[in-house]
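So the structure is just underneath, and the comments pick up after that.
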Amino acid sequence: MYQHALRDERFEYVELHNQGTRTVSLAGWAFTDGIDYTFGEGVELAPGDYLVVACEPNFLGAIYESLNVGENLFGPYTGSLNDHTDRIRLSYPLVQTNAANGQTEVHMVTADEVTYYDGGRWPVWADGQGASLELRDPRSDNRNPDAWAASDESGKTAWQQLSLIHISEPTRP
1 MYQHALRDER FEYVELHNQG TRTVSLAGWA FTDGIDYTFG EGVELAPGDY
51 LVVACEPNFL GAIYESLNVG ENLFGPYTGS LNDHTDRIRL SYPLVQTNAA
101 NGQTEVHMVT ADEVTYYDGG RWPVWADGQG ASLELRDPRS DNRNPDAWAA
151 SDESGKTAWQ QLSLIHISEP TRP
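Note that my numbering numbers the sequence shown so that position 90 is 90, with each residue one more than the last.
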């Protein structure tokens, strides 16, 4: 959610999905471009599960009852998601020993990234029109704008029956 309909940054978030078959420890994983956030020890993502990293996790948790801070809702991150275009990069720590000096070094390796735009073939409804931007298929190439869609928000509202009564003034003879 890079641009909410209310233009309020407290609604911004990034959602992660584990498409694999094993639980992944996210300890030390970080968003290293676009926004800054590093996952602490004990954060795991089970196969098929989702989690959210929010600009304002307490605010978002109060709105969405399915999100629980510290369980599937994390943050706050620093920085912000640009309303027009941005690159979001998720990186993991690779620990290696430097052969020259024997020191342990940690290198952040890109696990995934996406650069989104608010025009062209990118979904218009995700650009401040009330929907979030979501990957259609987690196995697709997220560099391709056609791999993305605006979220379906139709289930979050209810139809309301309205009646219109038209009263006209009597005509004069």
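In this text, a Cβ means the ideal position worked out from N, Cα and C, and glycines have one as well. Remember, predicted model here, so these are calculated numbers, not experimental data.
Exposure label - residue i; buried when at least 16 CB within 10 Å
i	result
Tyr50	exposed
Pro57	buried
Leu45	buried
Gly75	buried
Delimiting residues of the alpha helix (DSSP H) encompassing residue i
i	result
Ala62	Pro57 to Ile63
Close beta carbons around residue i, own chain, < 6 angstroms, minus the five adjacent residues each side
i	result
His17	Tyr50 and Pro138
Glu9	Cys55 and Ser80
Trp29	Phe39 and Tyr92
Val106	Pro93 and Val95
Thr115	Arg87
For residue i, the first and last residue of its enclosing beta strand (DSSP E)
i	result
Phe31	Ala30 to Asp33
Ala54	Tyr50 to Ala54
Top-ranked residue by Cα proximity to residue i, from the options
i	options	result
Phe39	Phe59, Asp33, Pro47 and Val53	Val53
Val109	Gly34, Leu60 and Ser91	Ser91
Leu73	Phe11, Asp112, Arg87 and Glu105	Phe11
Ala27	His107, Glu41, Pro47 and Glu15	Glu41
Thr32	Phe59, Tyr64, Glu134 and Ala111	Ala111
Tyr64	Asn142, Tyr13 and Asp118	Tyr13
Glu15	Ala99, Tyr116, Ser66 and Glu134	Glu134
Gly113	Ser66, Thr23 and Arg143	Sequence inspection shows Glu at residue 113; the Gly mentioned does not correspond to that position. Ranking the options by Cα distance to Glu113, first place goes to Arg143.
Per DSSP, the bridge partner or partners of residue i
i	result
Glu44	Ser25
Glu9	In DSSP, Glu9 forms no bridge with anything.
Arg139	None, per the DSSP bridge assignment.
Ser66	Note: Ser66 sits in no beta bridge, so no partner.
Phe74	Val53
Gln96	Glu105
Gly79	Ile35
Asp118	None, per the DSSP bridge assignment.
Contact set for residue i: own chain, Cβ-Cβ below 7 angstroms, skip 5 residues either direction
i	result
Asn68	Gly61
Gly20	Pro47
Asp36	Tyr77, Thr78 and Gly79
Cβ neighbours of residue i in the same chain (closer than 8 angstroms, five flanking residues each side left out)
i	result
Gly34	Gly79, Leu81, Asn82, Asp86, Arg87, Ile88 and Arg89
Thr97	Gln103, Thr104 and Glu105
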